[in-house]
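Beneath this line is the structure, given in structure tokens, with notes to follow.
Protein chains: 4
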Amino acid sequence: MIERVKVAVVGVGNNVSALVQGIALQRATGNLVGVRRTVLHGLGVGDVDFTAAFALSREKVGRDLSEAIFMPPNNFPRLIDELPLSGVTVRRGLTDATEVERVAGELAGAEVVLYAAPSGRRETAQAYAEAALRAGAAFVNITSDAVARDPQIMRRFTEAGLPLLGDDLTSQFGTSIVHHALLHLLQERGLTLTSSYQVNLGGTEDFRNLVENGNTKMQSKLNALTAHESAADKVEIAPLGYLPHLESHKVAHINIEAQTWGGTPVSLDLKLKVHDPSGGAGVTVDLIRMAANALRHRHAGYVAEATPLLKSPPGTSI
Amino acid sequence: MIERVKVAVVGVGNNVSALVQGIALQRATGNLVGVRRTVLHGLGVGDVDFTAAFALSREKVGRDLSEAIFMPPNNFPRLIDELPLSGVTVRRGLTDATEVERVAGELAGAEVVLYAAPSGRRETAQAYAEAALRAGAAFVNITSDAVARDPQIMRRFTEAGLPLLGDDLTSQFGTSIVHHALLHLLQERGLTLTSSYQVNLGGTEDFRNLVENGNTKMQSKLNALTAHESAADKVEIAPLGYLPHLESHKVAHINIEAQTWGGTPVSLDLKLKVHDPSGGAGVTVDLIRMAANALRHRHAGYVAEATPLLKSPPGTSI
Amino acid sequence: MIERVKVAVVGVGNNVSALVQGIALQRATGNLVGVRRTVLHGLGVGDVDFTAAFALSREKVGRDLSEAIFMPPNNFPRLIDELPLSGVTVRRGLTDATEVERVAGELAGAEVVLYAAPSGRRETAQAYAEAALRAGAAFVNITSDAVARDPQIMRRFTEAGLPLLGDDLTSQFGTSIVHHALLHLLQERGLTLTSSYQVNLGGTEDFRNLVENGNTKMQSKLNALTAHESAADKVEIAPLGYLPHLESHKVAHINIEAQTWGGTPVSLDLKLKVHDPSGGAGVTVDLIRMAANALRHRHAGYVAEATPLLKSPPGTSI
Amino acid sequence: MIERVKVAVVGVGNNVSALVQGIALQRATGNLVGVRRTVLHGLGVGDVDFTAAFALSREKVGRDLSEAIFMPPNNFPRLIDELPLSGVTVRRGLTDATEVERVAGELAGAEVVLYAAPSGRRETAQAYAEAALRAGAAFVNITSDAVARDPQIMRRFTEAGLPLLGDDLTSQFGTSIVHHALLHLLQERGLTLTSSYQVNLGGTEDFRNLVENGNTKMQSKLNALTAHESAADKVEIAPLGYLPHLESHKVAHINIEAQTWGGTPVSLDLKLKVHDPSGGAGVTVDLIRMAANALRHRHAGYVAEATPLLKSPPGTSI
């Protein structure tokens, strides 16, 4: 029988809440909905165990992980009535490089370090990667901070024989994926794109942060859409709209105008409504299983099978 | 330099109007919009020549093909201001099997016979196939009548060393394709389908015919959607709606409800508006080029590369 | 302090379930959502008391009204955790005219008889009206059977000094109302309607019945839409679609194409999703209060203030 | 027979282009589409004559009005193949208060001065009002600059016996009107608004200007929506999106979530696509006719019938 994966998690936000609860639900019911791969490299969703957790907020540090995930501003809903205690007490995360050694000690025994803290603090992200290196663990970075796409860090993981997966999670099912799939279908069927737009609205704290750093994110969205298209200049992305009434939902409006044979027009309008923070857990659990499998089979550095799950894999610009 | 393909066309409806005009536009401008493959087996869209045409309506027989395509009830719009005469006079089509010999004589010189008459007259379709056989031409059937999927006819073409492509054209971009692509994306990303529906509205004569024979078409649509899905019982297709005000447009409303990680809901609503008869020409011109290429390279019988362009290829039920 | 209205109800379907539960919720919380008039003629929503109830189904007859409303095929959801018993036992309804006298006796003490049985049995509806007449009660008919618009019955109520309100409830908020409001707005702002369509989808038993009697309902919908418009010939209604996956929801797709100044185009697309059976209760509770007020103030016959709430008031064709 | 209205126009943008062309089309065909009132106070749409025009751009000054309206950045399409010359040469507008006297002289003979220059230059707007006063003409301000709602200016027009109509045109059919009508319908039918949002996208120069001054406009939109509602805090307006590919179109996405009886949910989603600059002409032509009628009947100051056509009539905040 396969051994469960031992995971240390950095950051205890909505994504981790979805992940922890989904794993517990899988164990309790044997039948979690919305999973990409029930079994991946022999590992089920329920075969993921948490052995350490780090956060900075006073409300989370010192609590059991199963309680900390419900502390505000987290607002991902309860998926399961009685979530058992995890036995893992959330520790204080590192705030400067002098603490790398302390954290490396606390990571002892973990096979995979999942980095899921808020984006925007590259030095912190890299300090945790350093701690993972010292602790002999694989590192998975689901934030947009440059870790796996930093060639120097990748080289050090490779030399140490440790897997390093990242950066930046794709959503399991979101605007970019749907928009891209439709533009691709158009191209495959020989239609000519006339114009297209995308409007993104959301109500979470995370979304509010995005809005305040809007331009970067919009450029990144545009890159995602038009990577393989000759039509980059025909797709427009409206300013992100932070609408608190949407609460933990995200809404997108997509329009596509195109031409078929002889120029006759085709119009497509789409509204997509998703529940925001749950989008990442189904992808994260796959990255964890890929990282554990690579570690156990001594594949060092990056793992190619992760590419469809990442927005900024190694080789993309920092 | 490659020789142009000589095509005889049976039926002079909206589809053929789109085809004839698009080819002329390609020749005039060198840049037709909405083409799947600019060059296929060395043949451009402008490399298709019409050498014979057959119809039954009094308004069309005796006219030049370039005029006949604008006779009512055809209502595909003009794509090009001055369409040159084709030099091909539309002949009277066959109405019973005794005329096969006469038609075979009139097909002399054609490399490909394109069968594009109204669906629903299998014996007529097969009589034209017989005439093509006798004239030594490849046969392309874009109607839903069983020709290529009739094993006896396929055997005879194979024995005669002639290509036979069919049956029933997929649209270049329509409801089934878009709906299928989205259901497939859902599955690929690990979401669980809760329910889905599709509403189809149209305003053409062809659409009115479909509505009157609605059940068959709806079953066929459902088959198309759920062929590769485990979710056949979750997709519903509303009754077709014939709305004359839509004129030559087709409109579809698609709804998809699904669940991601832990059962959190995802909703997707889509409206698709296409110009009806143009949908077929971009696919037809590919089938013609595939058939000509097969004939010229002495590939007999069916050509596998045609499968993505056909609704009922050989092996499907009659 | 005003006296509560004593109501006898005929039919114990989803509409009556919504009504009974909403009234209980108002009493329990003092704050029912979705009410048109909190107080109407001095009567609150909680001032409606049920004193008798009639049904035919074996599962309902003999039970307390508060239990009978949850018997299948009723499927309106529970609005309130603990619904107190009503003290009213559902009696066997009448099945032929010989029972009018029996029912009239059982109506004794009721001020208002609410007729809410399934539509389509005009003789039964009129027999209950006769029983109400004999019992000295006002009559409210929310079904499409002709009672209030039958001039003979209206004359008898008027002569007896009793109010008679009907026929056929408008929904509180449904496709017809929204579509009509938008067409009206268009006209008011000077736009010219080009074309418009409406698609109606639903998943309830009631909706399935409608689909099977589709033509009448579509004509009635069309009448409702175009009563005051010069544009009757520009609005089209697609065939009703019974889609069981929608369960107790109704969905409508509305499209409007119009022209403003100089003929420049305007397009409007709308999707409306409502929870089906709740639509009637908010209107029914107003009709009950209007009828009680009329009875108490000795206004006989029809009451003009009811007109906006009815599809077929007196004077419309039977 | 009624005398035509003599109008001097300030600003020669898209709105004036739509107006000039629509009037010519009405005269040529007798049947302009999209007009609110065919005849208003005895005046038809064709009864409006231009007698003077003012602009600042070098491309417009010195040209006949019928040519100047097609100079860039104007991009309102041609409604009429051959627009006759107007006989009015566009003059150089005023740039400071010292030119009021010159302009007043050039206004001689005009009954109505239509102020349609770009918004945002209150002093200029008021200088033209001063010139109209001296010339004895009525003044119509369709921009958002404060003229009619400036009590001091209104008093001077009233004392001079001259009509003054403004400020800021409502669109003939736009997002605010449709959104407001639906929120009003909801309230009228007794539903409780849960939340609502509005997204506005556009591609014109005017729209780009709005985006750059976004906050004011959004507040104004919010005010317009919630003036009569108790629900001001439930409506959210997403940031305006300038999407050049939309060219002269405006697109809005509106969502409304509400509750009916007992709290059961109702959802409404709407997409509205309009042709931007034409929205104002149908309203402007009514304001001109109201102003002319008032002048001819010696009604001084504001005219109440204009209120539904204005966003900021007298009494609103400046």
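So the sequences go chain by chain: W, R, A and P.
-9 is the number of the first residue of the first sequence in our numbering; add one for each residue after it.
-9 is the number of the first residue of the second sequence in our numbering; add one for each residue after it.
-9 is the number of the first residue of the third sequence in our numbering; add one for each residue after it.
-9 is the number of the first residue of the fourth sequence in our numbering; add one for each residue after it.
Heads up, the beta-carbon is just placed ideally off N, CA and C, and yes, glycines get one too.
**Prompt:** Taking the alpha-carbon positions, what's the Y118/R to A296/R distance?
**Reply:** 20 Å
**Request:** Run the CB neighbour count on S185/W, radius 10 Å, all protein chains shown included, and call it buried at 16 or more, exposed below.
**Result:** buried
**Item:** Counterpart residues of Q188/P in DSSP-defined beta bridges
**Value:** I227/P and I244/P
**Asked** Would the beta-carbon of V103/W fall within 8 Å of that of A43/W?
**Response** no
**Asked** Which runs of the alpha helix (DSSP H), 4 residues or longer, sit entirely within the stretch 124 to 156 of chain W?
**Response** 141 to 150
**Item:** 8 Å Cβ cutoff met for V130/P and I278/P
**Value:** yes
**Per-residue contacts from H243/P into chain W (C-beta, under 7 Å)** = V189 and H243
**Request:** Run the CB neighbour count on R111/W, radius 10 Å, all protein chains shown included, and call it buried at 16 or more, exposed below.
**Result:** exposed
**Message:** Looking at S161/W: is its Cβ nearer than 8 Å to the Cβ of T133/W?
**Reply:** no
**Short CB-CB distance (under 8 Å) between L73/W and chain R** = no
**Asked** Does the stretch 19 to 30 of chain A come close enough to the stretch 279 to 299 of chain R to have 3 or more Cβ pairs within less than 8 Å?
**Response** no
**Request:** Kindly indicate which three-state DSSP category L55/R falls into: helix, strand or coil?
**Result:** helix
**Message:** Can you pull out the residues from the stretch 229 to 260 of chain A whose beta carbon lies closer than 7 Å to at least one beta carbon of chain P?
**Reply:** Q249, T250, W251, G252, G253, T254, P255, V256, S257, L258, D259 and L260
**Request:** Measure from the C-beta of K224/P to each C-beta in chain A and report whether the shortest distance is under 8 Å.
**Result:** no
**Prompt:** Residues in its own chain within less than 8 Å of P303/A by CB, not counting five upstream and five downstream?
**Reply:** A138, R139, G156, D157, Y292, A296 and T297
**Item:** Start-to-end residues for the alpha helix (DSSP H) that takes in H169/P
**Value:** T165 to E178
**Prompt:** Along the chain, which unbroken stretches of the alpha helix (DSSP H) at least 4 residues long are found entirely within the stretch 231 to 302 of chain P?
**Reply:** 271 to 286
**Request:** Within the same chain, show all residues whose beta-carbon is closer than 8 Å to that of G164/P, passing over the 5 residues directly before and after it, in chain order.
**Result:** K240, A242, L262, V264 and G269
**Contacts that S185/R makes with chain A (C-beta to C-beta distance below 7 Å)** = H235
**Boundaries (first-last residue) of the beta strand (DSSP E) holding V102/A** = V102 to Y105
**Message:** On the CB-based measure, 16 or more other CB atoms within 10 Å of its CB, does G231/W come out buried or exposed?
**Reply:** buried
**Item:** T194/P versus Q188/P, L260/P and P67/P, residue with shortest Cα-Cα distance
**Value:** P67/P
**Request:** Quickly, what does DSSP pair T88/R with across the bridge? List them, please.
**Result:** According to DSSP, T88/R bridges with nothing at all.
**Asked** Quick one: what's got a C-beta closer than 6 Å to I70/R's C-beta in the same chain, skipping five residues either side?
**Response** Q11, A14 and L15
**Message:** So with CB distances below 8 Å, who are the chain B contacts of V168/R?
**Reply:** Given the protein chain composition of this structure (W, R, A and P), no chain B is represented.
**Asked** Short check: CB of M61/P to CB of E49/P, under 8 Å?
**Response** yes
**Message:** Can you look up A37/R in the DSSP assignment and give me helix, strand or coil?
**Reply:** According to the sequence provided, residue 37/R is Asp. The question's Ala does not apply to it. It is helical.
**Asked** Which bits of chain R does Q162/W rub up against, with CB to CB less than 8 Å?
**Response** R179, G180, L181, T250 and W251
**Request:** Name, going along the chain, the residues of the stretch 135 to 146 of chain R whose beta-carbon falls closer than 7 Å to a beta-carbon of chain W.
**Result:** none
**Request:** Would you check if the distance between the CB atom of A100/P and the CB atom of V0/P is smaller than 8 Å?
**Result:** no
**Request:** Specify the secondary structure class of R112/W as computed by DSSP and reduced to three states.
**Result:** helix
**Prompt:** If P252/W and T250/R are in contact, beta carbons under 8 Å, what's the gap, nearest whole angstrom?
**Reply:** As written in the sequence, residue 252/W is Gly, which differs from the Pro given in the question. Wrong, their Cβ atoms sit about 40 Å apart, outside the cutoff.
**Request:** Could you tell me the distance, in whole angstroms, from the CA atom of L233/R to the CA atom of E202/A?
**Result:** 20 Å
**Item:** Backbone secondary structure at T182/A - three-state DSSP
**Value:** strand
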